[in-house]
Amino acid sequence: MHPDSLAVRYRHLFPELQRLTRAENVITEANVFQPANEEIRKIMDGMCRDNLRPDSEFRNLGAVRDFLSAIRGGKRGIILMEHYSNFDLPGVMYLLSHSGPDGKDLADHIVAIAGMKLNEDNPVVSAFAEAYTRIIIYPSRSLAAITDPETLKREEQRSRVINLASMRALDRVRKEGNAVLVFPSGTRYRPGRPETKRGVREIDSYIRLSDVMLLVSINGNCLRFSDDPHDMLGDVLCTDRVIMCASPVIDCVAFREEARTWAGEGVEDKKQLVVDYVMHRLELMHEENEVGRLS
Numbered sequence: 006m007h008p009d010s011l012a013v014r015y016r017h018l019f020p021e022l023q024r025l026t027r028a029e030n031v032i033t034e035a036n037v038f039q040p041a042n043e044e045i046r047k048i049m050d051g052m053c054r055d056n057l058r059p060d061s062e063f064r065n066l067g068a069v070r071d072f073l074s075a076i077r078g079g080k081r082g083i084i085l086m087e088h089y090s091n092f093d094l095p096g097v098m099y100l101l102s103h104s105g106p107d108g109k110d111l112a113d114h115i116v117a118i119a120g121m122k123l124n125e126d127n128p129v130v131s132a133f134a135e136a137y138t139r140i141i142i143y144p145s146r147s148l149a150a151i152t153d154p155e156t157l158k159r160e161e162q163r164s165r166v167i168n169l170a171s172m173r174a175l176d177r178v179r180k181e182g183n184a185v186l187v188f189p190s191g192t193r194y195r196p197g198r199p200e201t202k203r204g205v206r207e208i209d210s211y212i213r214l215s216d217v218m219l220l221v222s223i224n225g226n227c228l229r230f231s232d233d234p235h236d237m238l239g240d241v242l243c244t245d246r247v248i249m250c251a252s253p254v255i256d257c258v259a260f261r262e263e264a265r266t267w268a269g270e271g272v273e274d275k276k277q278l279v280v281d282y283v284m285h286r287l288e289l290m291h292e293e294n295e296v297g298r299l300s
């Protein structure tokens, strides 16, 4: 095990995490909404302080202010972020919370959409994830990996029940003035595997059910894959300057129309093209913010 892996560097925290955790590891329709555990959040903030360079920042707080104004006015808000590591959600919450009153206000009203893997695969990983308010979904990619017909039939039924409950929770939290944060790729980007940076088709439904959107790019990464990307506790920590940047507030109806223009004629899968356009826009933001990041 790498000496700078999560499993080694923060092993001393595991007993305290297990003492503090309260989340249920098996997801059902009754527990898809999981509020933040503030005591674990303090631990996660400490890990961010340990690994983010002091010159890390969240850029374009004017857009944050405009986005907050829109959701306070009753607009349904969604945040779509790039995804490189399991530190992305802790990082955005930490940087927003330390960037002034508007940033903290938005961080206090973010509800993340999370796949079941973070809850069900490893109790320590589940405890880390518990630091943040989440709605748990059953990702379509998880079904695609099942080969046994009987198991697939059973899990398809379970996924329908869980995801229906998740949509109800999504509607409720937004009526309460919260913004929903989603990683449109559905998984962390793995260098050399461009398919992991392609947006998931279902994200178009989230956009269609929203009024306003922020895109957030991420440059820099404090948590890198080990030789075994399936072992989340094997991920390797490193100090880095992380820059997160928000786009201007985007009207979701106009964005979906713009995506069709961008794609041109002859594209059959209209949902996928919208998500492809999301990823295109995020990539442009990423390239712009990488210039001079480490100079």
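Note that the numbering used here has the sequence shown beginning at 6, numbered continuously upward. We put the CB at the ideal spot given by N, CA and C, even for glycine. Keep in mind that this is a model prediction, so the values were computed, not measured.
Cα-Cα separation between residue i and residue j, rounded to whole angstroms
i: T244; j: E270; result: 45 Å
i: V166; j: A149; result: 17 Å
i: D110; j: A268; result: 36 Å
i: V97; j: M249; result: 7 Å
i: V13; j: S90; result: 18 Å
i: S102; j: K158; result: 43 Å
i: T266; j: E293; result: 23 Å
i: N4; j: T33; result: The chain is shown only over 6 to 300; residue 4 falls outside these bounds and no answer can be derived.
i: I83; j: R77; result: 13 Å
i: R27; j: N183; result: 23 Å
i: I310; j: L94; result: Because the chain in this structure spans residues 6 to 300, residue 310 falls outside the shown range and cannot be described.
Residue environment, residue i, which counts as buried when at least 16 other CB atoms sit within 10 Å
i: M6; result: exposed
i: E87; result: buried
i: V254; result: buried
i: L85; result: buried
i: S300; result: exposed
i: G108; result: buried
i: Q39; result: buried
Nearest to residue i (by Cα), restricted to the options the options
i: V37; options: Y194, A150, A117 and S10; result: A117
i: R246; options: L85, Q277, M172 and F92; result: F92
i: K276; options: E288, I223 and F260; result: F260
i: R203; options: A264, N127 and H285; result: H285
i: L242; options: Q39, I140, M52 and I212; result: M52
i: E200; options: V217, V279, N124 and S190; result: S190
i: N226; options: V280, A264 and E295; result: E295
i: V129; options: T266, D153, L238 and P59; result: L238
i: A170; options: L22, A35, L220 and P144; result: A35
i: R298; options: E62, E288, F188 and L25; result: E62
i: H114; options: L73, R206, D236 and I212; result: L73
i: M121; options: P144, S104 and V187; result: P144
i: V283; options: I212, A112 and F230; result: I212
Alpha helix (DSSP H) segment containing residue i, residue limits
i: V130; result: P128 to A134
i: L11; result: L11 to R14
i: I167; result: P154 to K180
i: A289; result: Residue 289 is actually Leu in this sequence, not Ala. It spans K275 to E295 - the alpha helix (DSSP H) in which L289 sits, taken as one unbroken run.
i: M98; result: D93 to S102
For residue i, the first and last residue of its enclosing beta strand (DSSP E)
i: R139; result: R139 to I142
i: I208; result: Careful: I208 lies outside any beta strand (DSSP E), inside the alpha helix (DSSP H) at I208 to R213.
i: R64; result: E62 to R64
i: C53; result: Premise fails: C53 lies in the alpha helix (DSSP H), E43 to N56, not in any beta strand (DSSP E).
i: C250; result: I248 to A251
i: G120; result: I115 to G120
CB contact below 8 Å: residue i versus chain D
i: S210; result: As a matter of chain content, chain D is missing from the structure shown, which is built from one protein chain.
Touching or not, the region 43-53 and the region 131-144, by the rule of three or more beta carbon pairs under 8 Å? yes
Flag this pair as touching only if the region 196-210 and the region 55-75 have three or more C-beta atom pairs under 8 Å; answer yes or no. no
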